[in-house]
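2 protein chains.
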Amino acid sequence: MSEPQEQLTPAAERILEAASDLFYWHGIRAVGMEAIAKAAGVTKKTIFDRFGSKDTLIVEYLRRRDRRWRRRMLEVLDQVSEEHPEHKLLATFDALSAWVRDENPRGCAFINAYSEIGDREHPAMDVITGQKQWLIGLLRELADAAGARDPEALTSKLMVLHEGITVMNSIQLSADPIGAGRDAAVTVIRAELPDASAF
Amino acid sequence: MSEPQEQLTPAAERILEAASDLFYWHGIRAVGMEAIAKAAGVTKKTIFDRFGSKDTLIVEYLRRRDRRWRRRMLEVLDQVSEEHPEHKLLATFDALSAWVRDENPRGCAFINAYSEIGDREHPAMDVITGQKQWLIGLLRELADAAGARDPEALTSKLMVLHEGITVMNSIQLSADPIGAGRDAAVTVIRAELPDASAF
DNA sequence: CTAAAAGTATACTGACCGGTGAGGTTACTT
DNA sequence: AAGTAACCTCACCGGTCAGTATACTTTTAG
């Protein structure tokens, strides 16, 4: 039913890798196909033979990034005991810290793409909202499991913190947005749990 | 010394107004000069006669928006007594709520521009960082005045919330990011003040 | 009243954009 | 031996972009 792991040809792999790098660092519209071809050591023809259009290449870029982000997040959460969902809730911020530090210094690729793509009918829109919805769903489940007083409100608050951390980290104007955001998350989670003993 | 209120010609006024609208809603790179001319009921020549280049027009767009944002923020803060800096701290979120609701539904214009402009030498960069620095400075002063235990940390936390609210509001995937963010701010501010009686 | 400033209309330049067409080479299957 | 997928070269297309040129008209302020 679903595409399992679309094996890419060597050239296609290089193309997607180069495009991802350029798109993320310079913006989607700022990067031309010629530049991608050059960076990938490939001709423009090959790009269009493999991906068909710039729009599909954009979609693949976001899809792959989303996959990597989810994997990283789940890896971190797996190291936290199932018996402490409130610790998992906080651990999402540890995953975010690592992600933002290593691979996300220029802000959220999905939010950036969202603001760059004017057209709400663009095929990338589903990937973008999908990425956010996934995290919302994840936080919501953990908030429920942790027995939060108002799981939906807690989810919204933590989402605000997640996105705020990503943005503030990217502009590098605040001392330690990652640490500050995580500290705020601790305070917020603790305030939302009836059992004050957490952490 | 400084340009006080650069009186614009009627056409220039319409140009800047039209450009601001288009830039904000469709993105800077997505909007061409021809489209701006059409929307302003003006010829392209007039645009270049008045503004010289697209880059300067972008800078003016951001400058004007920054001015309006600061004015709105200060108006709200002025209605809060000087004797309660912690209430002013919270009031920045009321100002943000109104701003985000009426004039900022597509995310922060400055962050959007930041992600769209690849070139870190672009003249708009100063306006962008200036806008953020201003809010950081404002929050920092209020945090000091409120006697926060760690004013710098509190500033960072509140900045994270400000930016997170703006982003989450723009993607419209979370129930009430404005309310949730404000609630989180209350919790965070209270936790940072030695005097627990606040609010 | 008059001259400068501000505006109109239209046509243009040169660079770049996403995307295509025609054809050739290599390497692995069948 | 034939077929095929995955590349390559390179010239080319229509379209759009920021910005300019020329020439004429309107607004405005001393």
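If you read the sequences in order, they're chains B and E.
All residue numbers for the first sequence refer to this note's numbering, where the first residue is 1 and numbers rise by one.
All residue numbers for the second sequence refer to this note's numbering, where the first residue is 1001 and numbers rise by one.
Don't be surprised by glycine CBs; every beta carbon is placed ideally from N, CA and C.
Shown here for Phe-51(B): same chain residues with a beta carbon closer than 6 Å to its own, the five before and five after excluded, namely Leu-57 in chain order. Under the Cβ criterion (8 Å, minimum of three pairs), the region 142-154 of chain B does not count as touching the region 176-183 of chain B. Considered as a whole, the region 10-80 of chain B harbours 10-26, 33-40, 44-51, 54-78 as its complete alpha helix (DSSP H) runs of no fewer than 4 residues, in chain order.
Taking C-alpha positions only, Arg-1140(E) is separated from Asp-78(B) by approximately 38 Å.
Per the coordinates, the alpha-carbon of Arg-65(B) lies some 36 Å from the alpha-carbon of Glu-1192(E). Boundaries of the alpha helix (DSSP H) around Pro-1085(E): 1085-1102. Within the same chain, Cβ atoms closer than 7 Å to the Cβ of Met-33(B) are found at Lys-44, Ile-47, Lys-54, the five residues on either side in sequence being excluded. Shown here, Ile-117(B) sits in coil according to DSSP, grouped into three states, outside any helix or strand. Following the DSSP letters along the chain, one finds Gly-1181(E) inside the alpha helix (DSSP H) bounded by residues 1177-1192. For the region 150-164 of chain B, the beta-carbon criterion of a distance under 9 Å to any beta-carbon of chain E is satisfied by Glu-152, Ala-153, Leu-154, Thr-155, Ser-156, Lys-157, Leu-158, Met-159, Val-160, Leu-161, His-162, Glu-163, Gly-164. Between Ala-143(B) and Leu-89(B), the beta carbon gap of about 7 Å places them in contact (Cβ cut-off 8 Å). Taking 7 Å as the upper bound on Cβ-Cβ separation, chain B lies near residues His-1026, Gly-1027, Arg-1029, Ala-1030 of the region 1004-1038 of chain E. Rounded to the nearest angstrom, the gap between the Cα atoms of Glu-82(B) and Ala-146(B) is 10 Å. Boundaries of the alpha helix (DSSP H) around Glu-163(B): 151-171. Annotation for Arg-1140(E): the continuous alpha helix (DSSP H) segment containing it runs 1124-1145. Straight-line measurement puts the Cα of Asn-1112(E) at about 27 Å from the Cα of Ala-1011(E). Going by C-alpha positions, Ile-1165(E) is about 11 Å away from Ile-165(B). Across the region 119-147 of chain B, CB contacts with chain E closer than 7 Å involve Thr-129, Lys-132, Gln-133, Ile-136, in sequence order along the chain. For Asp-21(B), the CB contacts under 8 Å within the same chain, skipping 5 residues up- and downstream, are Ala-39 in chain order. None of the residues of the region 1044-1071 of chain E has a beta carbon lying less than 8 Å from any beta carbon of chain B.
At a Cβ-Cβ threshold of 9 Å, Ile-136(B) and Leu-1173(E) count as neighbours. Taking a contact as a CB-CB distance under 8 Å, the pair Glu-1060(E) and Leu-1016(E) counts as one, their CB atoms being some 6 Å apart.
Cα atoms of Ala-1148(E) and Pro-1194(E): separation of roughly 7 Å, rounded to the nearest angstrom. Around the C-beta of Arg-1029(E), 16 or more other C-beta atoms lie within 10 Å, and the residue is accordingly described as buried.
Residues of chain E with a Cβ closer than 7 Å to the Cβ of Leu-96(B) do not exist; the shortest Cβ-Cβ separation is about 12 Å. Of all residues in the region 1172-1191 of chain E, only Leu-1173, Ser-1174, Ala-1175, Asp-1176, Pro-1177, Ala-1180, Gly-1181, Asp-1183, Ala-1184, Thr-1187, Val-1188, Ala-1191 place a beta-carbon less than 7 Å from a beta-carbon of chain B. By a beta-carbon distance limit of 8 Å, Ser-115(B) does not contact Gly-1041(E). Their separation comes to about 28 Å.
For Glu-1075(E), the number of other beta carbons within 10 angstroms of its own is below 16, and it is reported as exposed. Comparing C-alpha distances from Met-159(B) to each of Arg-1070(E), Val-1167(E), Ala-1035(E) shows the shortest one belongs to Val-1167(E). For Ala-98(B), the closest C-alpha among the options Trp-69(B), Lys-157(B), Val-80(B) is that of Trp-69(B). For the region 1075-1105 of chain E, the beta-carbon criterion of a distance under 9 Å to any beta-carbon of chain B is satisfied by none of its residues.
In this structure, DSSP gives Ala-148(B) a state outside helix and strand, which the three-state scheme calls coil.
Ala-184(B) and Ala-1184(E) do touch by the CB rule: their CB atoms are close to 7 Å apart, below 8 Å. In the three-state reduction of the DSSP assignment, Phe-199(B) falls in the coil class, being assigned neither a helical nor a strand state. The alpha-carbon separation between Val-1186(E) and Asp-1176(E) amounts to approximately 16 Å.
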